[in-house]
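Here the structure is laid out as structure tokens; the discussion comes afterwards.
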Amino acid sequence: MTDKASLVEDLTKKLNLKEDDIQYTAYKGEIEIQEIIALIECELSEPYTIFTYRFFLNNWPELCFLARDPSGQLVGIVISKKSIHNHLQRGYIGMIVVDKRYRRLGIGMKREKEEHIR
Numbered sequence: 001m002t003d004k005a006s007l008v009e010d011l012t013k014k015l016n017l018k019e020d021d022i023q024y025t026a027y028k029g030e031i032e033i034q035e036i037i038a039l040i041e042c043e044l045s046e047p048y049t050i051f052t053y054r055f056f057l058n059n060w061p062e063l064c065f066l067a068r069d070p071s072g073q074l075v076g077i078v079i080s081k082k083s084i085h086n087h088l089q090r091g092y093i094g095m096i097v098v099d100k101r102y103r104r105l106g107i108g109m110k111r112e113k114e115e116h117i118r
């Protein structure tokens with residue numbers, strides 16, 4: 001077993017997680033914004049204003065993805081946007097955050113089929 005694999009196994013045992021216990025959902029609206037802000041402020045050193053969050057969340061809600069543990073606690077988030085520049089679509093990740101206790105479990109890299117996220 002590789003070092004990373006054994007670390008992930010140790011973390012999942014410590015957190016009492018099983019494969020697929022983390023649920024990924026799309027942003028549902030303003031009711032989630034305070035929870036999102038709390039996680040980001042806890043994990044990132046750069047302060048953002050409510051206007052920054054709303055800029056991303058209101059304009060590209062379909063590009064904001066949340067990761068929750070089995071209890072429903074928010075443990076990860078990706079907030080992004082898209083734009084057109086010189087006739088090309090471009091994506092931009094504004095914020096990507098995973099709770100320290102859940103890092104190295106692949107949450108920030110998880111790929112889900114679109115139908116599972118919605």
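Numbering-wise, the sequence shown is residues 1 to 118 according to UniProt numbering.
For each residue, glycine too, the CB sits at the ideal point set by N, CA and C.
On a predicted model such as this, the values are computed, not experimentally measured, just so you know.
Strand pairing of residue i, partner residues [DSSP]
| i | result |
| --- | --- |
| A26 | F65 |
| L74 | R68 |
Buried or exposed by the 16-neighbour rule on C-beta atoms within 10 Å, applied to residue i
| i | result |
| --- | --- |
| R90 | exposed |
| L39 | buried |
| E114 | Low confidence applies to E114: its pLDDT is 45, below 50, so where it sits in the model is not reliable enough to give any reading. |
| G29 | exposed |
Unbroken beta strand (DSSP E) run spanning residue i, endpoints
| i | result |
| --- | --- |
| L39 | No beta strand (DSSP E) contains L39, which is instead part of the alpha helix (DSSP H) from I33 to E43. |
| L88 | L88 to V98 |
Start and end residues, alpha helix (DSSP H) containing residue i
| i | result |
| --- | --- |
| I107 | Unbroken run through I107: none, as it is neither H nor E. |
| L57 | I50 to N59 |
Beta-carbon spacing of residue i, residue j below 9 Å
| i | j | result |
| --- | --- | --- |
| L57 | Y27 | yes |
Decide if the region 94–103 is in contact with the region 33–47; the criterion is three or more beta carbon pairs, one per stretch, under 8 Å apart.
Contact holds: three or more Cβ-Cβ distances are below 8 Å.
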